[in-house]
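K.L.:
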Ligand SMILES: *Cc1c(COP(=O)(O)O)cnc(C)c1O
């Protein structure tokens, strides 16, 4: 178990420490929820003011050209591409993750017209399931979702499968699926893959093209620190660009949006995965966080995040033994993404008490506490402090107090 002095030395020797200065975090807070909503890059506040006051206020409609509004989805997509192992022109930042999932799965199904099975993990974040359930009902062609859990995925990928639509890092447990092996298996039976990278982008290295992934989606407001509700990304491998079609064909996915033709003609390339006018202020602000993630060394970031998770687990098991916590994430850091999940029957009031004490994590029903270890602004010292504060809450039974028992709308 590292001593306090050793933990302080880890912070002094941390090559990523300078990134901390690029974020604005409130004093007195240990923010362990960057896996849900990343904190604000200082530059995001400046960009928000510029985008509103100058680009909108003064530039008015001219800013579609002069401030790069129209090209923002592609510009941000290209900025993100390097981080995720995509090529220039294979990714755009647009719409929400759920919408992108709908478009990507629809496009993949259309590329496999003689097959009807979509493989998904039932315990995935619900919107992924709901969107594909909505899609299959709407298609009305008898598509069926084959829900399986992680250990049964390989067996479920048989030659009736059109699409394997999985989330790379599990939103609750942080378990990492083997993107290379699953994609290889899918291709071997003639299926396509749609990878959700919501909990991967900015947390663990991803190489979409090395894995030969077909499509991918993910959000920018988690480890990419894009801001609340910032637009998501969508990737399509270049080999699919000519044949792929998605059903939400709006004017931004048209070959010539400003020709105002009556009939739809798909744009060349990734642009055909777009739909219509984007939340430009949000995109301009998101660029600040995406830019930070693109500059950070992804292997150093991964190593630090994993080390913080390991430290948290080790300290927790020492300091909070006998208090009813169960580790719900893989203990092996190689199988675990950026956060650590603990199960506890009283998870909700414990998390509320922790948040009041300045340690912000989150709670996922029925009994999961999640702690995110984002590498670019946290210190090892804060990880140790967080465990000390949690131990204090457990030892003194603070979570039993009345004010921690009622549920808020967002947990
Ligand atoms: C966060 C998250 C989403 C969010 O979807 P929205 O469309 O932004 O609401 C979707 N899927 C997964 C796996 C997530 O972790």
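Numbering (my numbering), first residue to last: 1294 to 1704.
Each residue gets a CB set at the ideal place from its N, CA and C atoms; glycine is no exception.
Model, not experiment: these values are computed from the prediction.
#1: Examine ligand 1 and report whether any of its heavy atoms sits within less than 7 Å of the Cβ of residue 1551.
#2: Can you give me the C-alpha to C-alpha distance between residue 1317 and residue 1584, rounded to a whole angstrom?
#3: When you measure from the CB of residue 1389 to every non-hydrogen atom of ligand 1, does any distance come out below 7 Å?
#4: Taking the CB atoms as reference points, tell me whether residue 1472 and residue 1496 lie closer together than 8 Å.
#5: Taking contact to mean at least 3 C-beta pairs separated by less than 8 Å, is the region 1404 to 1418 in contact with the region 1449 to 1456?
#6: From the DSSP output, read off the bridge partner residues of residue 1324.
#7: Please specify which runs of the alpha helix (DSSP H), each continuous and at least 4 residues long, are wholly inside the region 1387 to 1445, giving them in chain order.
#8: Count the CB pairs spanning the region 1664 to 1673 and the region 1319 to 1334 that are closer than 8 Å, and state whether there are at least three.
#9: Cβ-heavy atom distance between residue 1468 and ligand 1 below 7 Å?
#10: Counting along the chain, where does the beta strand (DSSP E) carrying residue 1527 start and finish?
#11: Helix, strand or coil for residue 1682, going by three-state DSSP, please let me know.
#12: Need the endpoints of the alpha helix (DSSP H) that residue 1370 sits in, please.
#13: Using a Cβ-Cβ cutoff of less than 8 Å, which residues in the same chain neighbour residue 1368 once the five nearest sequence positions on both sides are dropped?
#14: Answer yes or no: do residue 1582 and residue 1331 have a C-beta to C-beta separation smaller than 8 Å?
#15: Using CA atoms only, rank isn't needed, just tell me which of 1577, 1365, 1432 and 1643 is closest to residue 1518.
#16: Apply the 10 Å Cβ neighbour rule to residue 1539 and answer buried if 16 or more other Cβ atoms are within range, or exposed otherwise.
#17: Does DSSP put residue 1552 in a helix, in a strand, or in coil?
#18: Ends of the alpha helix (DSSP H) at residue 1574?
#19: If we count Cβ pairs, one from each stretch, closer than 8 Å, do we get three or more for the region 1643 to 1650 versus the region 1485 to 1495?
#20: Taking 7 Å as the limit between beta carbons, can you name the residues of its chain near residue 1483, skipping five residues before and five after?
#21: Taking DSSP as the reference, what is the three-state secondary structure of residue 1617?
#22: Considering only the beta carbon of each residue, do residue 1602 and residue 1629 sit closer than 8 Å?
#23: Measure the CB-CB distance between residue 1548 and residue 1559 and report whether it falls below 8 Å.
#24: Hey, how far is the Cα of residue 1378 from the Cα of residue 1702?
#25: If you pair each beta-carbon of the region 1415 to 1422 with each one of the region 1389 to 1407, do three or more pairs fall below 8 Å?
P.N.:
Taking the geometry as given:
#1: As a working note, residue 1551 is residue 258 in the chain shown. Incorrect: residue 1551 has no Cβ contact closer than 7 Å to ligand 1.
#2: Looking up residue 1317 in the chain shown gives position 24. Looking up residue 1584 in the chain shown gives position 291. If I take the Cα positions, the gap works out to 16 Å.
#3: Taking the first residue of the chain shown as position 1, residue 1389 is located at position 96. Within the cutoff, so yes.
#4: Taking the chain shown and counting its residues from 1, one reaches residue 1472 at position 179. Taking the chain shown and counting its residues from 1, one reaches residue 1496 at position 203. Against a cut-off of 8 Å, the Cβ pair of residue 1496 and residue 1472 comes out as no contact.
#5: yes
#6: Position 31 of the chain shown holds residue 1324. 1653, per the DSSP bridge assignment.
#7: If only uninterrupted alpha helix (DSSP H) runs of at least 4 residues are considered, those enclosed by the region 1387 to 1445 are 1390 to 1404 and 1419 to 1432.
#8: yes
#9: The residue labelled residue 1468 in the question sits at position 175 within the chain shown. It does not: the Cβ of residue 1468 is nowhere closer than 7 Å to a heavy atom of ligand 1.
#10: Against the chain shown, residue 1527 aligns to sequence position 234. Start and end: 1526 to 1529.
#11: Counting from one through the chain shown, the residue named residue 1682 turns up at place 389. Helix at residue 1682.
#12: Taking the chain shown and counting its residues from 1, one reaches residue 1370 at position 77. Taken as a continuous stretch (DSSP letters only), the alpha helix (DSSP H) holding residue 1370 covers 1365 to 1377.
#13: Within the chain shown, the letter at position 75 stands for residue 1368. Excluding residues within five positions, the ones whose Cβ falls inside 8 Å are 1361 and 1580.
#14: Your numbering for residue 1582 matches position 289 in the chain shown. Your numbering for residue 1331 matches position 38 in the chain shown. In contact: residue 1582 and residue 1331 (Cβ atoms closer than 8 Å).
#15: In the chain shown, the residue the question calls residue 1518 occupies position 225. Among 1577, 1365, 1432 and 1643, the Cα nearest to that of residue 1518 belongs to 1577.
#16: Translated into positions along the chain shown, residue 1539 becomes position 246. So residue 1539 counts as buried.
#17: One-based indexing of the chain shown puts residue 1552 at position 259. Note: residue 1552 maps to helix in three-state DSSP.
#18: In the chain shown, residue 1574 corresponds to position 281, counting from 1. First-last of the alpha helix (DSSP H) with residue 1574: 1573 to 1588.
#19: no
#20: Position 190 of the chain shown, counted from the start, is the residue given in the question as residue 1483. Counting only Cβ-Cβ distances below 7 Å, and skipping sequence neighbours, we find 1452.
#21: One-based indexing of the chain shown puts residue 1617 at position 324. Coil.
#22: Here residue 1602 refers to the residue found at position 309 when the chain shown is read from its first residue. Here residue 1629 refers to the residue found at position 336 when the chain shown is read from its first residue. Taking 8 Å as the Cβ cut-off, residue 1602 and residue 1629 qualify as a contacting pair.
#23: For this step, residue 1548 is matched to residue 255 along the chain shown. For this step, residue 1559 is matched to residue 266 along the chain shown. Contact: yes.
#24: The residue given as residue 1378 occupies position 85 in the chain shown. The residue given as residue 1702 occupies position 409 in the chain shown. The straight-line gap from Cα to Cα measures roughly 37 Å.
#25: yes
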